[in-house]
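**Q** Positions 5 to 378 (the working numbering) are the ones given, in order, by the sequence shown.
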Amino acid sequence: DFARKVIVLYDKCERYVNECFQNCALFHKAFEVAFEALCNKDVGGSSFAELLATFCDDILTNRSEKLSDEAIEEMLEKALKLVTYISDKDLFDEFYRKKLARRLLFDKSARDDRVRSMLTKLKQQCGDQFTSKMELMFTEWMSRKDHQTSFDKYLSYNPDANPGIDLKVMVLAASCWPNYKSSNLNLPAEMVKCVKVFREFYKKEKKDAKLNWIYSLGTCKVIGNFEPRSMELKVTAYQASALLLFNSSDRLSYSEIKTQLNLTDGEVVRFLHSLSCAKYKILNKEPNTESIAPTDHFEFNSKFTNKRRRITIPLPPVDETKKVIEDVATAWKYPINASIVRIMKARRVLDHQQLVKECVEQLMLRRSRKGLRN
5 DFARKVIVLY
15 DKCERYVNEC
25 FQNCALFHKA
35 FEVAFEALCN
45 KDVGGSSFAE
55 LLATFCDDIL
65 TNRSEKLSDE
75 AIEEMLEKAL
85 KLVTYISDKD
95 LFDEFYRKKL
105 ARRLLFDKSA
115 RDDRVRSMLT
125 KLKQQCGDQF
135 TSKMELMFTE
145 WMSRKDHQTS
155 FDKYLSYNPD
165 ANPGIDLKVM
175 VLAASCWPNY
185 KSSNLNLPAE
195 MVKCVKVFRE
205 FYKKEKKDAK
215 LNWIYSLGTC
225 KVIGNFEPRS
235 MELKVTAYQA
245 SALLLFNSSD
255 RLSYSEIKTQ
265 LNLTDGEVVR
275 FLHSLSCAKY
285 KILNKEPNTE
295 SIAPTDHFEF
305 NSKFTNKRRR
315 ITIPLPPVDE
325 TKKVIEDVAT
335 AWKYPINASI
345 VRIMKARRVL
355 DHQQLVKECV
365 EQLMLRRSRK
375 GLRN
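1) Tell me the DSSP bridge mates of L237?
2) When you compare only the Cα positions, how much space is there between F218 and S186?
3) Can you tell me which of F25, G49, S136 puts its alpha carbon nearest to the alpha carbon of F6?
4) How is E290 classed by DSSP in three states: helix, strand or coil?
5) For the segment 231-239 and the segment 177-191, state whether three or more C-beta atom pairs, one from each stretch, are separated by less than 8 Å.
6) Near H277, what residues of its chain come up, given a Cβ to Cβ distance below 8 Å and the 5 sequence neighbours on each side ignored?
7) Under 8 Å, with one C-beta from each stretch per pair, do the segment 143-158 and the segment 87-98 reach the 3-pair mark?
8) Based on Cα-Cα distance, which residue from R107, S160, K137, A38 lies nearest to Y89?
9) Which runs of the alpha helix (DSSP H) spanning at least 4 residues fall entirely within the segment 64-116, listed in chain order?
10) DSSP three-state call for F59: helix, strand or coil?
11) Can you give the Cα-Cα distance for V21 and L64, rounded to whole angstroms?
12) Going by the CB atoms, is the gap between L84 and K2 shorter than 7 Å?
13) State the beta-bridge partners of H301 as determined by DSSP.
14) Using the Cβ count rule (16 or more neighbours within 10 Å means buried), how would you classify G228?
15) Just to confirm, is the Cβ distance from L256 to F302 under 7 Å?
Spelled out as structure tokens, the structure:
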């Protein structure tokens with residue numbers, strides 16, 4: 005792991021400068037210059053900001069349980085020292101915020117107190133503005149149980165409205181969470197009833213609020229009745245919607261699945277690949293190739309078997325690097341343009357370098373000067 009190696013190198017070099025060279029100003033300056041250069045280089049097509057955000061995210065997931073609290077705290081403190089050397093801190097902010105969002109939404113965080121501790125460290129290192137959205141995300145996530153309790157109470161008082169499915173919904177404020185693409189998924193009848201019931205409940209709670217459902221973030225547990233035995237499948241809302249089509253059809257073509265679900269080719273290819281070409285072949289595909297084509301046909305694999313009674317069927321990973329970079333650029337586009345207009349209205353005439361300088365000072369930008377010249 006490159007980020008881990010840089011942290012080890014930083015520790016070693018810092019110790020040399022402090023102990024062997026008595027923190028000599030010349031050596032200290034060379035140390036700072038070297039790590040600033042290192043922390044702003046791309047490695048294997050990824051920026052160091054992305055690699056460091058991924059490293060911090062890995063430490064804070066359930067996979068880090070084998071590490072002690074002290075080891076985790078120490079590792080995070082060392083990692084955040086390197087954030088100060090990153091010129092475009094917004095890039096680290098956006099990468100980490102997206103990873104934090106997925107960790108919270110899919111309940112992958114090892115412990116809530118570690119999430120809070122990391123946010124506190126980030127605030128101390130980079131300021132309130134840097135962590136404001138992430139803190140709001142965490143606060144909303146912590147209050148999710150209150151919303152669920154209210155909904156469960158509503159169902160207990162209105163038994164006729166109960167959809168007969170264990171439904172859990174997280175209501176998020178769009179302003180602080182990453183932008184997620186909504187879709188016009190044609191839901192199965194079972195899910196339509198769930199959505200309708202929650203809409204009625206929420207309308208009584210907040211009359212003027214508008215709900216926008218992000219089905220791409222939804223997960224479901226469905227029972228697969230295979231010939232050997234029944235199994236519980238943990239799948240996404242898209243995967244579940246596709247599988248439920250086979251309750252009424254033995255064989256479906258790619259185009260039939262796409263039309264019935266009303267999804268894009270990219271979305272359909274992704275979930276069909278996970279169900280017919282990956283580790284768990286819940287669907288049989290014809291022809292039996294390792295890729296999805298518009299001419300393919302699918303059947304439910306009734307002979308599917310596995311040692312486990314509960315399995316999770318993941319979707320193929322998506323590289324979000326390009327989108328994160330675009331989101332960062334878009335987030336600064338309007339504030340920068342507004343700042344330029346304000347400055348030029350006041351100054352009338354200004355050379356380019358002076359305009360850049362005043363714009364940076366006015367916005368107190370955390371990003372590099374290069375971003376302003378683009």
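Positions of the beta carbon are idealized from the N, C-alpha and C atoms, including for glycine.
Every value quoted in this text rests on a predicted model; they were computed, and no experiment measured them.
**A** To lay it out plainly:
1) Working through the sequence shown from its first residue, we reach residue 237 at position 233. When DSSP reads this structure, L237 sits in a beta bridge with V226, I315.
2) As a working mapping, residue 218 is identified with position 214 in the sequence shown. As a working mapping, residue 186 is identified with position 182 in the sequence shown. Looking at the sequence shown, residue 218 is not Phe but Ile. One C-alpha to the other measures close to 5 Å.
3) Indexing the sequence shown from 1 puts residue 6 at position 2. Scanning F25, G49, S136 for the CA closest to the CA of F6 turns up G49.
4) Your numbering for residue 290 matches position 286 in the sequence shown. Note: E290 maps to strand in three-state DSSP.
5) These segments do not touch.
6) For the purposes of this step, residue 277 is taken as residue 273 along the sequence shown, with counting starting at 1. Within the same chain, and ignoring the five residues on either side of H277 in sequence, the residues whose Cβ sits closer than 8 Å to its Cβ are S295, I296, P320.
7) At 8 Å Cβ cutoff, the stretches do not touch.
8) In the sequence shown, residue 89 corresponds to position 85, counting from 1. Taking only the C-alpha atoms, the option nearest Y89 is A38.
9) Runs of the alpha helix (DSSP H) inside the segment 64-116: 73-87, 93-109.
10) If you number the sequence shown from 1, residue 59 lands on position 55. Under the three-state reduction of DSSP output, F59 falls in the helix class.
11) Locating residue 21 in the sequence shown gives position 17, where the first residue counts as 1. Locating residue 64 in the sequence shown gives position 60, where the first residue counts as 1. Taking the straight line from one Cα to the other gives about 31 Å.
12) For the chain, the structure presents residues 5 to 378; residue 2 sits outside this window and is missing.
13) The count along the sequence shown starts at 1 and reaches residue 301 at position 297. BP columns for H301 point to S257, E290.
14) Taking the sequence shown and counting its residues from 1, one reaches residue 228 at position 224. G228 is buried by the Cβ-count criterion.
15) Translated into the one-based positions of the sequence shown, residue 256 becomes position 252. Translated into the one-based positions of the sequence shown, residue 302 becomes position 298. Cβ atoms of L256 and F302: closer than 7 Å.
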